[in-house]
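**Q** In order, the protein sequence lines correspond to chains E and L.
The first sequence begins at 574 in the working numbering and counts up by one.
The second sequence begins at 78 in the working numbering and counts up by one.
Note that CB positions come from ideal geometry on N, CA and C, so glycine has one too.
Take a look at the following structure, please.
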Amino acid sequence: KNEVEQSPQNLTAQEGEFITINCSYSVGISALHWLQQHPGGGIVSLFMLSSGKKKHGRLIATINIQEKHSSLHITASHPRDSAVYICAGRYPQFYFGTGTSLTVIP
Amino acid sequence: NAGVTQTPKFRILKIGQSMTLQCTQDMNHNYMYWYRQDPGMGLKLIYYSVGAGITDKGEVPNGYNVSRSTTEDFPLRLELAAPSQTSVYFCASGSPHNLQPQHFGDGTRLSIL
Chain E
574 KNEVEQSPQN LTAQEGEFIT INCSYSVGIS ALHWLQQHPG GGIVSLFMLS SGKKKHGRLI
634 ATINIQEKHS SLHITASHPR DSAVYICAGR YPQFYFGTGT SLTVIP
Chain L
78 NAGVTQTPKF RILKIGQSMT LQCTQDMNHN YMYWYRQDPG MGLKLIYYSV GAGITDKGEV
138 PNGYNVSRST TEDFPLRLEL AAPSQTSVYF CASGSPHNLQ PQHFGDGTRL SIL
C-alpha cells in the first residue's frame, strides 16, 4: 500500500524558531516531493529529492532512504512562512500526505 | 509564463447537472493529473494522462471522465453531479523524470447543492 504520513498535523511557532515537519512513507518511492499550499489555496513545489539534502534559502529538505523518512526544516521562521506544507511520494504516481498547517506568530 | 491554467475558479452546481473543468498547460509536459482535495484529506488522484490519447484511472475516478486530445489540454468532466463531488479540484502537469516536480493550477472550488 502506498502511504505517506506527516506529522505534526498542526504547528504553531514563534517568529525566529527552527521548525521541523516530518514525513514517512512506505517502500517503493522513486522521489519525495515537498509542496507549500498558501492560505489562498495555490500549491507551489518546494523540493523534489531522492537522496541526501537540498537547501533553498531558509528551507532545507532531507531524506533518509533506509528509515523511509524525510524532513522539511525552516530556519529563522517568519509569519510569511505560515502555510500548509505537504509531502508526496512518487510511486510513480504521487501519493500525498494530509499536510501540516504551520502558523508563525510575530 | 502561464504554467497550468484552470477554469472556472468557482462554480455551484445543482445535483444531477453536468460540467467540464478545463485545464491547459503551456510547458509541453507529457504528464497531466487531476486531483481533488477534501478538508483534512490529502490530495487524491482522479485521473491522469501520460500523453495525448492516453488516460488512466487514479484512486477516485467514479463519477468523472477525462480526455486528452492534445498535449496542452486535459478537461475533467462531471456527469450527474452529486453532493459527494463537492471539493476543490487541482490540475497538475509534469514530466516522467523522477526529480521533476509537478506544477499545479490554482484550483477550482466546486459546490454541489
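Thinking E:Leu608 and E:Ile602 are a contact (beta carbons under 8 Å), I'd like their distance in whole angstroms, please.
**A** In fact, because the Cβ distance is near 15 Å, the residues do not count as touching under 8 Å.
**Q** According to a CB-to-CB cut-off of less than 7 Å, which residues of the stretch 154-171 of chain L neighbour chain E?
**A** So the close ones are Val165 and Phe167.
**Q** So which residues on chain E does L:Gly140 lean against when the C-beta distance must stay under 8 Å?
**A** Neighbours of L:Gly140 on chain E: none; closest Cβ ~19 Å, over 8 Å.
**Q** Can you give me the C-alpha to C-alpha distance between E:Ser650 and E:Leu619, rounded to a whole angstrom?
**A** Roughly 16 Å separates the two Cα atoms.
**Q** Using a Cβ cut-off of 9 Å (strictly closer), state whether L:Asp183 contacts chain C.
**A** This model lacks chain C altogether, as its protein chains are E and L.
**Q** Among all the DSSP beta bridges, which residues are the ones paired with E:Asn583?
**A** Partner(s): E:Ser674.
**Q** If you check the beta carbons only, do L:Ile89 and L:Pro160 fall under 9 Å apart?
**A** No, the Cβ-Cβ distance between L:Ile89 and L:Pro160 is not below 9 Å.
**Q** What does L:Met118 reach in chain E if we use C-beta pairs closer than 7 Å?
**A** Per Cβ cutoff of 7 Å: Thr671.
**Q** Please report the Cβ distance between E:Ser674 and E:Val657, rounded to the nearest whole angstrom; I am assuming they are in contact, meaning their Cβ atoms lie under 8 Å.
**A** Indeed they touch by this definition, with Cβ atoms about 5 Å apart.
**Q** So if I threshold CB-CB distances at 7 Å, which residues from the stretch 95-121 of chain L count as touching chain E?
**A** Cβ contacts with chain E: Gly117, Met118, Gly119 and Leu120.
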